[in-house]
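For what it's worth, the working numbering labels the leading residue of the sequence shown as 40, then goes sequentially.
Below: one structure, written as structure tokens.
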Amino acid sequence: MTTIKTTCSQCGDVELTPDDLALELEPSEESGVYRFSCPTCGLIERRPANARVVSVLLATGVAYEVVRPDPITEGEIDRFVTALNSEIDPFRLLAN
Ligand SMILES: [Zn+2]
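Here it is, written out as structure tokens:
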């Protein structure tokens, strides 16, 4: 079984198996977040995972879930369209 070394903020270095971890990935991102519960103190930690960490964790068989960022609502689109229509220079909106 593959061992994954990481750090618990309470205990320091801990060793985990792929079953102890879960990855949270966003659909359009190569990076994400990994989540584990410390085998020593039970604390649940969430850590950013860059693209390399994500690929290593996936290769060891860590389960992952795709988390979707909040979808844009119709209300937000309406407000954006209203703002566009009332804005003389629409590109000014993009600078905000
Ligand atoms: Zn711990």
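Just so it is clear, CB atoms sit at the ideal spot from N, CA and C, and this is done for glycine as well.
All values reported here derive from a predicted model rather than from experimental measurement.
> Rounded to a whole number of angstroms, what is the C-alpha to C-alpha distance between Asp52 and Val106?
Replying inline: 28 Å
>> Please classify Ala88 as buried or exposed, where buried requires at least 16 neighbouring CB atoms within 10 angstroms.
In response: buried
>> Let me confirm a value: Ile83 is counted as buried when at least 16 other C-beta atoms fall within 10 Å, else exposed. Which label applies?
In response: exposed
>> Using a 10 Å radius around the Cβ and a threshold of 16 neighbouring Cβ atoms, would you call Ile137 buried or exposed?
In response: With the chain running from 40 to 135 in the structure shown, residue 137 is simply not present.
>> Using a 10 Å radius around the Cβ and a threshold of 16 neighbouring Cβ atoms, would you call Gly71 buried or exposed?
In response: buried
> Out of Thr79, Pro57, Cys47, Cys50, which has the shortest C-alpha to C-alpha gap to Ser94?
Replying inline: Pro57
>> Please state the DSSP three-state secondary structure of Gly114.
In response: helix
> How long is the line joining the alpha carbons of Asp59 and Ser67, rounded to whole angstroms?
Replying inline: 25 Å
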